[in-house]
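Number of protein chains: 2
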Amino acid sequence: MNEFELIARLRPRLPGNASVVVGAGDDCAVLASPGPGRQLLLKTDCVVEGVHFLPDTDPAKIGRKALARALSDVAANAGTPTAAVITLGLPDGFDPVRIEALYDGMADLARRHDVALVGGETTRSPGAFFVSVSLLGWVEEGKAVLRSGATVGDALFVTGELGGSILGHHLDFEPRLAEARWLAEHFDVHAMMDLSDGLAGDLPHLLAESGVPGAEIHRESLPIRRAALLRAREGDTATPAVAAALGDGEDFELLLCVAPRDAVPLLDGFKARFPDTRITCIGRLTANPGVFLREPRGLTPVTRGGYRHFAG
Amino acid sequence: MNEFELIARLRPRLPGNASVVVGAGDDCAVLASPGPGRQLLLKTDCVVEGVHFLPDTDPAKIGRKALARALSDVAANAGTPTAAVITLGLPDGFDPVRIEALYDGMADLARRHDVALVGGETTRSPGAFFVSVSLLGWVEEGKAVLRSGATVGDALFVTGELGGSILGHHLDFEPRLAEARWLAEHFDVHAMMDLSDGLAGDLPHLLAESGVPGAEIHRESLPIRRAALLRAREGDTATPAVAAALGDGEDFELLLCVAPRDAVPLLDGFKARFPDTRITCIGRLTANPGVFLREPRGLTPVTRGGYRHFAG
């Protein structure tokens with residue numbers, strides 16, 4: 001099967017939406033502008049076989065994950081996604097049935113968030129199978145929540161649970177789009193990002209972009225994912241549960257900061273609006289430089305041993 | 313060098329423009345909307361080592377080509393590019409100096425077309441080095457020139473020259489952005505696309521999207537690139553010059569159709585406005601099905617032996 005035959009099989013699977021003027025099949029996709037008073041969001045993200053998924057991973061979950069990662073970034077800016085284009089890098093002798101399943105998994109998630117898939121391209125990739133997603137979205141003008149607005153004293157929150165994502169969450173996670181928009185509409189969220197490299201790896205980026213020297217995380221309040229706890233109990237001493245919650249990657253949860261006075265109203269309001277999603281105050285930002293874990297015996301420095309996509 | 317250290321070296325190299333609200337460094341780039349009465353263009357395109365460039369290709373030319381291919385697609389819709397995000401797939405042990413050179417080559421071309429580079433991501437890619445570019449642009453509402461507007465009887469034009477791109481043109485070509493916008497502003501261009509898979513491979517797409525049965529190409533008017541002629545003279549009988557002009561890929565020239573009455577004014581106007589760029593009427597669209605080459609001895613069918621990115 002060649003590139004054009006594959007594309008002909010994939011095109012009918014691509015969902016549209018009200019923004020699409022011309023979808024897949026022309027040189028570019030043509031899309032309606034998001035309208036007056038709005039700004040655009042643009043993000044690209046890529047998953048590679050052997051790094052982000054395995055040769056035997058269910059292809060529908062590969063497609064789902066590839067799109068969900070980019071949706072999580074639009075959520076981190078409190079935006080609304082509209083349309084995506086996909087690049088497939090295909091090894092020789094690829095199985096078209098697997099590629100169709102990959103697109104079906106991606107299209108399911110796209111439909112649920114009213115995201116149009118408006119084309120892309122396939123290319124031969126002799127050494128690696130990869131899926132790159134580029135996603136367009138929008139926010140009301142000036143309303144993108146950035147990494148750069150945090151200040152000393154802010155309360156630090158995280159949605160969901162952390163650690164052990166590799167046991168399944170990284171393929172099944174729900175991008176926190178509705179939660180992020182609700183938070184930004186109801187509170188003055190100073191800074192927000194999504195957790196892809198682990199709390200210990202990502203929090204320093206938020207601090208650096210905001211010019212805040214440090215943070216203190218309360219060990220006892222860390223929401224540890226059941227998978228991380230089970231692994232620790234099974235004697236995986238290399239990754240005790242707290243270390244997994246700090247260092248494991250691919251949580252795809254929101255990390256956000258608000259003024260301390262907003263902390264309790266935020267917890268109450270969020271629990272009422274999203275009863276099935278946890279949100280936890282895990283600490284605060286400090287003038288004291290560095291990231292520390294507050295434990296019963298005192299403060300322990302948290303090294304930046306976040307999950308790294310590579311060490312070159 | 314890890315991902316974050318590499319990104320810190322690359323960020324200062326990224327050009328901005330008036331559309332950038334928040335560039336590289338946050339979860340998404342934030343961009344100004346193109347303004348009232350305009351629509352968005354979105355395109356993604358990828359180059360892979362061993363397919364689109366070689367291990368010893370000058371990295372500045374790899375970066376340049378990766379962006380130029382996407383710019384060529386925006387040109388094909390008669391659009392104006394604004395901002396791009398880049399995904400780098402890096403094998404283990406990559407050379408950061410080569411990656412910086414790649415970005416410098418891309419940034420040079422971006423600056424010349426006032427395109428902002430607003431971030432992207434790097435990922436480990438054990439088996440393949442690749443560069444994926446996603447490009448945003450705009451057109452006046454309803455003014456995107458598509459592949460689908462051609463009709464029987466249209467005159468068929470091509471910019472520049474065809475064939476032999478592999479000898480250098482594929483790394484050095486100029487995306488025809490100014491030419492495409494000028495053509496669309498001054499003439500009723502029925503359909504347009506850029507040539508990436510060779511005239512014989514791409515013309516059938518334009519015909520199919522337009523619902524036009526066929527086309528006749530005049531062999532004597534084909535503008536053959538000097539590289540293709542030289543190769544043919546050197547006895548490369550596998551690719552005689554006309555076959556190269558029809559079948560070689562990566563010309564990145566514009567293929568366009570106008571009503572026959574516009575043909576002469578278009579030639580005259582274009583030559584006056586772009587004296588250094590060829591434009592040639594190479595034939596016409598027909599009710600007779602299939603693509604044919606008109607030669608002194610009659611009509612020869614043109615097979616769809618265009619350059620294929622892969623045969624799976």
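Listed in order, the protein sequences are those of chains A and B.
Take 1 as the starting number for the first sequence in the working numbering and just add one per residue.
Take 313 as the starting number for the second sequence in the working numbering and just add one per residue.
Backbone N, C-alpha and C fix where the C-beta goes; we use that ideal spot for every residue, glycine too.
Computed from a predicted structure; not experimentally measured.
Please identify the residue among ARG531(B), LEU558(B), ALA503(B), PRO367(B) whose C-alpha is closest to the C-alpha of LEU632(B).
Examination of residue 632(B) is not possible in this model, given that chain B is present from 313 through 624 alone.
Mind pulling the chain B residues with CB within less than 7 angstroms of THR87(A)?
The sequence position of residue 87(A) within the first sequence is 87, counting from 1. For THR87(A), the chain B residues whose C-beta falls within less than 7 angstroms of its own C-beta are THR356, CYS358, SER444, listed in chain order.
Counting pairs of beta carbons, one from the region 370-388 of chain B and one from the region 410-422 of chain B, are three or more of them closer than 8 angstroms?
These segments touch.
Among GLU546(B), GLY547(B), ALA571(B), SER533(B), nearest to ALA557(B) - alpha-carbon criterion:
Taking the first residue of the second sequence as 1, we reach residue 557(B) at position 245. Answer by Cα proximity: SER533(B).
So, with DSSP's three-state summary, where would you put ALA191(A)?
Along the first sequence, one-based indexing puts residue 191(A) at 191. DSSP places ALA191(A) in strand when its eight states are reduced to three.
Taking only beta carbons into account, state which residues of the region 413-439 of chain B come closer than 9 angstroms to chain A, listed in chain order.
Cβ contacts with chain A: VAL430, GLY431, GLY432, GLU433, THR434, THR435, ARG436, SER437, PRO438, GLY439.
Contacting positions in the region 203-221 of chain A - beta carbon closer than 7 angstroms to chain B
Considering only beta carbons, the part of the region 203-221 of chain A lying closer than 7 angstroms to chain B consists of GLU209, in chain order.
For the beta strand (DSSP E) that contains GLU121(A), what are its first and last residues?
Here residue 121(A) refers to the residue found at position 121 when the first sequence is read from its first residue. 116-124 is the span of the beta strand (DSSP E), which, as asked, contains GLU121(A).
Write down the C-beta distance between VAL131(A) and ILE86(A) rounded to the nearest angstrom, noting that I regard them as a contact closer than 8 angstroms.
Numbered from its first residue, the first sequence carries residue 131(A) at position 131. Numbered from its first residue, the first sequence carries residue 86(A) at position 86. Correct: roughly 7 angstroms between the Cβ atoms.
On the premise that ARG124(A) lies in contact with VAL360(B), defined as a C-beta separation below 8 angstroms, what is that separation, rounded to the nearest angstrom?
By one-based count along the second sequence, residue 360(B) stands at place 48. By one-based count along the first sequence, residue 124(A) stands at place 124. Under the criterion of beta carbons closer than 8 angstroms, VAL360(B) and ARG124(A) qualify as touching, at roughly 7 angstroms.
Could one say the Cβ of CYS593(B) lies closer than 9 angstroms to chain A's Cβ atoms, at least one of them?
Translated into positions along the second sequence, residue 593(B) becomes position 281. By this cut-off, CYS593(B) is not an interface position.
Just checking: is the beta-carbon of LEU40(A) within a distance shorter than 9 angstroms of some beta-carbon in chain B?
By 1-based counting over the first sequence, the position of residue 40(A) is 40. True, the Cβ-Cβ gap to chain B drops below 9 angstroms.
Residue span of the beta strand (DSSP E) that contains ARG38(A), given as start and end
Position 38 of the first sequence holds residue 38(A). Here the beta strand (DSSP E) through ARG38(A) covers 38-48.
Extent of the continuous beta strand (DSSP E) to which GLY214(A) belongs:
Counting from one through the first sequence, the residue named residue 214(A) turns up at place 214. GLY214(A) -> beta strand (DSSP E) spans 214-218.
Are the CB atoms of VAL145(A) and GLY214(A) nearer to each other than 9 angstroms?
As a position in the first sequence, residue 145(A) is number 145, starting the count at 1. As a position in the first sequence, residue 214(A) is number 214, starting the count at 1. Not closer than 9 angstroms, so no.
Around the Cβ of ARG543(B), are there at least 16 other Cβ atoms within 10 angstroms (buried) or fewer (exposed)?
As a first step, residue 543(B) must be located in the second sequence, where it is residue number 231. When all chains shown are included, ARG543(B) counts as buried.
Rounded to whole angstroms, how far is the Cβ of ARG225(A) from the Cβ of GLY283(A), which I believe are closer than 8 angstroms?
By 1-based counting over the first sequence, the position of residue 225(A) is 225. By 1-based counting over the first sequence, the position of residue 283(A) is 283. Wrong, their Cβ atoms sit about 18 angstroms apart, outside the cutoff.
For a contact meaning CB atoms closer than 8 angstroms, what does ASP580(B) contact in chain A?
By one-based count along the second sequence, residue 580(B) stands at place 268. Simply none; closest approach about 27 angstroms.
Tell me which residues share the same chain as ARG111(A) and place their Cβ nearer than 8 angstroms to its Cβ, disregarding the 5 neighbours each side in the sequence.
Translated into the one-based positions of the first sequence, residue 111(A) becomes position 111. So the list reads PRO15, once near-sequence residues are dropped.
Mind listing the chain B neighbours of ASN77(A)? Cutoff is C-beta to C-beta under 8 angstroms, in chain order.
Position 77 of the first sequence, counting from 1, holds the residue named residue 77(A). Chain B residues near ASN77(A): ASP338, ASP339, CYS340, VAL342.
Of all Cβ atoms in chain B, is any one closer than 9 angstroms to the Cβ of LEU146(A)?
As a first step, residue 146(A) must be located in the first sequence, where it is residue number 146. Closer than 9 angstroms to some Cβ of chain B, the Cβ of LEU146(A) qualifies, so yes.
Restricting to Cα atoms, I'd like to know which of LEU54(A), ASP92(A), PRO81(A), ALA8(A) is closest to ALA341(B).
Mapped onto the second sequence, residue 341(B) falls at position 29. Among LEU54(A), ASP92(A), PRO81(A), ALA8(A), the Cα nearest to that of ALA341(B) is on PRO81(A).
Looking at the structure shown, is PHE604(B) part of a helix, part of a strand, or coil, going by DSSP?
Here residue 604(B) refers to the residue found at position 292 when the second sequence is read from its first residue. Collapsing the DSSP output to three states places PHE604(B) in a strand.
State the DSSP-derived secondary structure class of SER331(B), mapped to helix, strand or coil.
Your numbering for residue 331(B) matches position 19 in the second sequence. In the structure shown, SER331(B) sits in coil (DSSP, three-state: anything other than H, G, I, E or B).
Rounded to whole angstroms, what's the CA-CA distance from LYS43(A) to LEU136(A)? Just pull it up for me.
Walking along the first sequence from the start, residue 43(A) turns up at place 43. Walking along the first sequence from the start, residue 136(A) turns up at place 136. Whole-angstrom Cα-Cα distance: 7 angstroms.
Taking 9 angstroms as the CB-CB limit, is LEU136(A) close to chain B?
Within the first sequence, the letter at position 136 stands for residue 136(A). Judged by the 9 angstroms Cβ criterion, LEU136(A) is in contact with chain B.
Spell out whether any CB of chain B is found under 9 angstroms from the CB atom of ASP194(A).
Position 194 of the first sequence, counted from the first residue, corresponds to residue 194(A). Yes, ASP194(A) lies at the interface with chain B (some Cβ there is under 9 angstroms from its Cβ).
CA-CA distance, SER508(B) and LEU31(A)?
Residue numbering aside, residue 508(B) sits at position 196 when the second sequence is read from its first letter. Residue numbering aside, residue 31(A) sits at position 31 when the first sequence is read from its first letter. The C-alpha of LEU31(A) is placed about 23 angstroms away from the C-alpha of SER508(B).
Are ASP514(B) and LEU567(B) close, meaning C-beta to C-beta below 9 angstroms?
The residue labelled residue 514(B) in the question sits at position 202 within the second sequence. The residue labelled residue 567(B) in the question sits at position 255 within the second sequence. Yes; because the gap between Cβ atoms is below 9 angstroms, this pair is in contact.
Using CA coordinates, which residue listed in ALA78(A), ILE7(A), GLY269(A) is at the minimum distance from LEU90(A)?
Position 90 of the first sequence, counted from the first residue, corresponds to residue 90(A). Closest by alpha carbon: ILE7(A).
Only counting the same chain, and skipping five residues up and downstream in sequence, which positions put a Cβ closer than 8 angstroms to that of VAL74(A)?
As a working note, residue 74(A) is residue 74 in the first sequence. So the list reads LEU41, LYS43, THR80, PRO81, LEU135, GLY137, PRO175, LEU177, once near-sequence residues are dropped.
Quick one: which chain B residues come within Cβ less than 7 angstroms of SER33(A)?
Working through the first sequence from its first residue, we reach residue 33(A) at position 33. Per Cβ cutoff of 7 angstroms: SER345, PRO346, ARG350, GLN351, LEU352.
How should ASN314(B) be labelled, buried or exposed, when 16 other C-beta atoms within 10 angstroms of its C-beta is the threshold for buried?
Position 2 of the second sequence holds residue 314(B). Counting Cβ neighbours within 10 Å, ASN314(B) comes out exposed, since fewer than 16 surround it.
Below-9 angstroms beta-carbon distance, GLY16(A) vs any chain B residue
As a first step, residue 16(A) must be located in the first sequence, where it is residue number 16. It does not; no Cβ of chain B falls within 9 angstroms.
State the Cα-Cα distance for the pair ASP95(A) and MET505(B), rounded to the nearest angstrom.
As a first step, residue 95(A) is located in the first sequence; it is residue number 95 there, counting from the start. As a first step, residue 505(B) is located in the second sequence; it is residue number 193 there, counting from the start. Approximately 30 angstroms between the Cα atoms of the pair.
Please tell me whether HIS364(B) has its Cβ less than 9 angstroms away from any Cβ of chain A.
Position 52 of the second sequence, counted from the start, is the residue given in the question as residue 364(B). Any Cβ of chain A closer than 9 angstroms to the Cβ of HIS364(B) would place that residue at the interface, and such an atom is present.
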